[in-house]
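Be aware that the sequence shown starts at 213, since it is given in my numbering, and climbs by one per residue.
Every residue, glycine too, gets a C-beta built ideally from N, C-alpha and C.
Everything numeric in this text was worked out from a predicted model, so none of it was measured.
One structure is given here, and the rest of the page talks about it.
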Amino acid sequence: MRMIILLILLASTFLFPQKEEVFTASERYILNKISKLEDYVLSDLIANDEILSVKIRRITENSVSAYFLILIREDQYSNKSASVGESDLMEIFKALDVLINKRSKEISSANFISNSLTTDNGFQIGYRKWEKTYWIIRLDSYEKSTVFFDSPDGIRKTLTDALEKIDQLKSEE
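Okay, here's the thing in structure tokens:
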């Protein structure tokens, strides 16, 4: 009888796996640590049909700070957000310039083109072309929360402002 109960319990763990918790980059950074969080609000990022709230989050633990760009898309039922670490932010900034250059030289006659950079936590930046070109930010790989822009200019300004704010905060330490 004990063996049957044990088999049922073991089978249930494989048949009904627990949902894996998904953490943003800044949430992973503070797991099991005593940390001070500070948010610095930047100008909103205006997309085609929506507005993203933008802030820099400084997380300090034992006088060591880490910086994250936080983008928040408010939704009727819940907010979607992306958290991008400083090193990823610099790579995304460089990638945006490469993507802008590639888009300007694009000669393909394909009906659909997608060219993008995706970080390890699912944040994506790039462009898609079908009837016209749209620049995109996808906040995460789980929610498929893609935000569309007609131009990369607002995205570039937000990334520039974020990097400048991080530099300012570092100089004040």
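Under the three-state reduction of DSSP, which class applies to residue i: helix, strand or coil?
i      : result
Leu301 : helix
Leu219 : Because the pLDDT at Leu219 is just 48, under 50, the model does not fix this residue reliably, and the value given afterwards should be weighed accordingly. It is helical.
Asp373 : helix
Lys382 : helix
Asn313 : helix
Arg368 : helix
Lys306 : helix
Glu233 : Summary for Glu233: the model assigns pLDDT 47, below 50, so the residue's position carries little reliability; its value from the coordinates is reported in the next sentence. It is coil, neither helix nor strand.
Leu351 : coil
Thr331 : coil
Ile325 : strand
Ser247 : coil
Lys344 : coil
Ser363 : coil
Ser320 : coil
Ser295 : strand
Does the beta-carbon distance from residue i to residue j come in below 7 Å?
i      : j      : result
Asn327 : Lys317 : no
Phe360 : Val296 : no
Ile268 : Ile304 : no
Ile284 : Ser265 : yes
Ala294 : Leu351 : yes
Leu301 : Thr370 : no
Roughly how many whole angstroms lie between the Cα atoms of residue i and residue j?
i      : j      : result
Glu233 : Lys341 : With a pLDDT of 47 at Glu233, under the threshold of 50, the modelled position of this residue cannot be trusted; read the value that follows with caution. Those two C-alpha atoms are separated by around 34 Å.
Glu262 : Asp287 : 10 Å
Asn333 : Ile349 : 13 Å
Thr331 : Lys344 : 25 Å
Lys292 : Leu249 : 19 Å
Arg270 : Glu385 : 11 Å
Phe324 : Gln380 : 41 Å
Glu298 : Ile319 : 34 Å
Lys382 : Ser363 : 31 Å
Ile312 : Thr372 : 15 Å
Gly366 : Asn260 : 11 Å
Ser247 : Val253 : 19 Å
Trp347 : Asp309 : 13 Å
Tyr289 : Ile282 : 19 Å
Lys377 : Glu273 : 20 Å
Ala374 : Tyr339 : 21 Å
Asp251 : Ser321 : 45 Å
Val276 : Ser357 : 32 Å
Any heavy atom of the ligand ATP closer than 6 Å to the Cβ of residue i?
i      : result
Arg269 : As far as ligands go, the structure on display features none, and thus does not contain the ligand ATP.
> Curious, which full-length beta strand (DSSP E) runs of at least 3 residues does the region 252-291 contain?
Replying inline: Counting only runs of 3 or more, we get 263-273 and 276-285.
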